[in-house]
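This report refers to the structure that appears directly beneath it.
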Amino acid sequence: MEYFHSVRLERDKCKGCTNCIKRCPTEAIRVREGKARIMEERCIDCGECIRICPNHAKVAVGDGLERLREFSYTVALPAPSFYSQFSVPGGISQILGALLGVGFHGVFEVALAAEVITWATRRFLQEYRGPRPLISAACPAVVSLIQVRFPALIDQLSPVEPPVNVAARLAREEAVKTTGLPAEDIGIFFLSPCPAKITALRQAAAQGERLVDGVIPLVDVFGPCREALKGAGKVPPRSGQAGAGWGRSGGENAALGEGRLLEVDGIHHVIGVLEAVEKGELEQFDYLELQACPGGCVGGALMVRNPFEARQELAFLTRDLPVHPLDEGELEALAARGGWQSRLRPRPRAALRLDEDIASALVKMQQLEETARLLPGLDCGACGSPNCRALAEDIVRGQAVDTDCIFLLRERVRVLAEEVVELARKLPPSMAEPERSC
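Residue numbers for the sequence shown follow numbering that gives the first Met the number 0, so the first one is 0 and each next one is one higher.
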């Protein structure tokens with residue numbers, strides 16, 4: 000199966016330093032012939048390699064602002080974390096106004112859709128009788144991580160849509176009603192804080208639902224928006240503190256406000272929590288808010304500010320907003336129009352299988368264990384694989400050889416050198432040993 004990925008390697012910039020292979024949470028990167036290679040079936044587009052690469056050889060591929068010219072009317076979908084990148088006296092209304100100055104005709108806040116999703120999640124949790132804890136599906140990198148590394152937990156993923164999906168549907172519906180234009184003449188553009196959201200929206204389109212017409216990396220719209228702030232008018236926000244708070248870790252749970260809730264941010268911390276859930280632990284919690292980026296979306300790989308500063312800025316900008324500006328009836332109506340229940344359920348990705356045939360997979364697993372025991376266990380990465388066990392797996396898959404390990408290679412050379420010395424000392428049977436003088 001082919002996968003679209005927004006994370007790409009700029010090969011000319013790669014120095015083969017191996018930083019990325021050590022950081023990748025799904026061991027999706029190898030260094031071969033001095034260049035990194037991304038294993039598409041394992042990549043979850045979390046952006047860790049983008050953060051760690053000192054040579055900026057990993058990038059996220061999205062759309063540019065020039066695509067706005069393709070449509071008669073365009074609507075920006077700013078993620079809640081978008082606000083955190085700016086310090087302005089006019090607050091969120093000035094930031095929304097700046098988007099009109101950049102070239103958009105309208106703005107629909109994803110934060111408003113987040114309030115709709117909060118309502119839907121709260122209602123679903125009240126009726127949910129499945130295994131605890133239920134896991135938020137709002138972070139697409141976490142969803143992909145579960146598909147690749149924790150497929151047994153897929154049934155515990157919430158069936159509630161991510162806010163951007165609902166925002167896209169509502170934005171298009173409102174734009175059609177406002178302008179009278181056909182839907183295909185209206186361009187809906189999401190401003191993304193991370194590569195995983197770019198990938199998720201592109202994959203939705205590939206599977207039959209075109210939610211947006213483009214996804215613009217937030218880092219690419221930051222500069223033009225900052226310039227537009229100088230003369231920007233004001234667009235009053237429709238969302239409140241609860242929706243805008245989704246931009247930081249803990250914001251989703253704070254908006255829910257009911258039940259035993261746990262929030263975790265940072266992909267490696269998330270892995271630790273999912274390992275615990277897989278073992279049957281953490282059943283005392285009703286709901287897990289898991290975010291791959293440090294600090295939540297404010298720490299996205301496509302953001303400009305550091306997550307600590309951004310988190311505080313978001314809190315400052317939202318301090319005067321009402322907590323819940325919409326009543327239950329309004330939220331229910333928006334949820335019905337925007338479609339709160341997921342239409343495409345995640346499926347396991349067979350990225351870690353050694354073989355499609357179970358018997359062959361068991362044989363290869365035994366070979367992997369035997370090979371791993373022969374390796375030094377130092378996890379140095381010099382072989383181009385993330386660690387010794389990953390190298391053992393690559394050997395079993397036929398993608399590497401044991402002498403890719405520098406320590407095994409040196410041992411092999413030492414043995415060969417000793418054999419060469421021993422052979423050099425040997426004489427044909429017809430020759431006598433030279434006599435040694437006293």
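All C-beta atoms in this analysis are idealised placements derived from N, C-alpha and C, irrespective of residue type, glycine included.
Being a predicted model, the structure only gives us computed values, none of them experimental.
Short Cβ contact (8 angstroms threshold) for residue i with residue j
i: L260; j: V272; result: no
i: L156; j: G337; result: no
i: I30; j: T17; result: Checking the displayed sequence, the identity of residue 30 turns out to be Val instead of Ile. Cβ distance < 8 angstroms, so V30 and T17 count as in contact.
i: P24; j: I197; result: no
i: Q366; j: E160; result: no
i: L316; j: G90; result: yes
i: A151; j: E282; result: no
i: L446; j: V220; result: The requested residue 446 does not occur in the structure, where the chain is confined to residues 0 to 437.
i: A78; j: V106; result: no
i: L76; j: V175; result: no
i: A335; j: W118; result: no
i: L313; j: V297; result: yes
i: P385; j: I20; result: yes
i: S359; j: G295; result: no
i: A243; j: L320; result: yes
i: R348; j: V147; result: yes
i: S191; j: V165; result: no
i: A27; j: C138; result: no
i: F70; j: D154; result: no
i: A309; j: Q84; result: yes
i: G222; j: S80; result: no
i: P158; j: I49; result: no
i: R342; j: E208; result: yes
Where residue i sits in the DSSP three-state scheme
i: P375; result: coil
i: V74; result: strand
i: F85; result: coil
i: Q340; result: strand
i: V211; result: coil
i: R121; result: helix
i: V159; result: strand
i: G105; result: strand
i: E252; result: Here residue 252 is Asn; the residue named in the question, Glu, does not match the sequence. Helix, per DSSP.
i: A231; result: coil
i: V303; result: coil
i: D403; result: helix
i: M364; result: helix
i: G222; result: helix
i: E280; result: coil
i: S143; result: helix
i: N164; result: helix
i: T178; result: helix
i: P347; result: coil
i: P503; result: No answer is possible for residue 503: the residues shown for the chain start at 0 and end at 437.
i: E418; result: helix
i: F382; result: In the sequence under discussion, the amino acid at residue 382 is Cys, which differs from the Phe named in the question. Three-state DSSP puts C382 in coil, outside helix and strand.
i: E369; result: helix
Run of the alpha helix (DSSP H) containing residue i, from where it starts to where it stops
i: S5; result: Here S5 belongs to no alpha helix (DSSP H), and DSSP marks it neither H nor E.
i: I153; result: No alpha helix (DSSP H) contains I153, which DSSP labels as neither H nor E.
i: W50; result: One detail in the question is off: residue 50 reads as Arg in this sequence, not Trp. From DSSP, the alpha helix (DSSP H) with R50 extends over E47 to I51.
i: G242; result: Q240 to A243
i: D354; result: Counting along the chain, D354 falls outside any alpha helix (DSSP H), and DSSP gives it neither H nor E.
i: E392; result: C387 to V395
i: K14; result: Unbroken run through K14: none, as it is neither H nor E.
Strand pairing of residue i, partner residues [DSSP]
i: Q290; result: D264
i: S191; result: P216
i: I28; result: I37
i: L133; result: Y286
i: G186; result: T73
First through last residue of the beta strand (DSSP E) which encompasses residue i
i: I43; result: Taken as a continuous stretch (DSSP letters only), I43 belongs to no beta strand (DSSP E), as it is neither H nor E.
i: V58; result: K57 to A59
CB contact below 8 angstroms: residue i versus chain D
i: E392; result: No chain D is part of this structure, which consists of one protein chain only.
Touching or not, the region 40-52 and the region 166-185, by the rule of three or more beta carbon pairs under 8 angstroms?
no
Check whether the region 286-306 and the region 123-133 touch, using three or more Cβ-Cβ pairs below 8 angstroms as the test.
yes
Contact the region 226-233 vs the region 49-63: 3+ CB pairs below 8 angstroms:
no
Please determine if the region 236-244 and the region 200-218 are in contact, where contact requires at least 3 C-beta pairs separated by less than 8 angstroms.
no
Any contact between the region 110-117 and the region 238-248? By contact I mean 3 or more CB pairs, one from each, below 8 angstroms.
Cβ pair count under 8 angstroms is three or more, so yes.
Can you confirm whether the region 389-406 touches the region 367-379 when touching is taken to mean that 3 or more C-beta pairs between the two stretches lie within less than 8 angstroms?
yes
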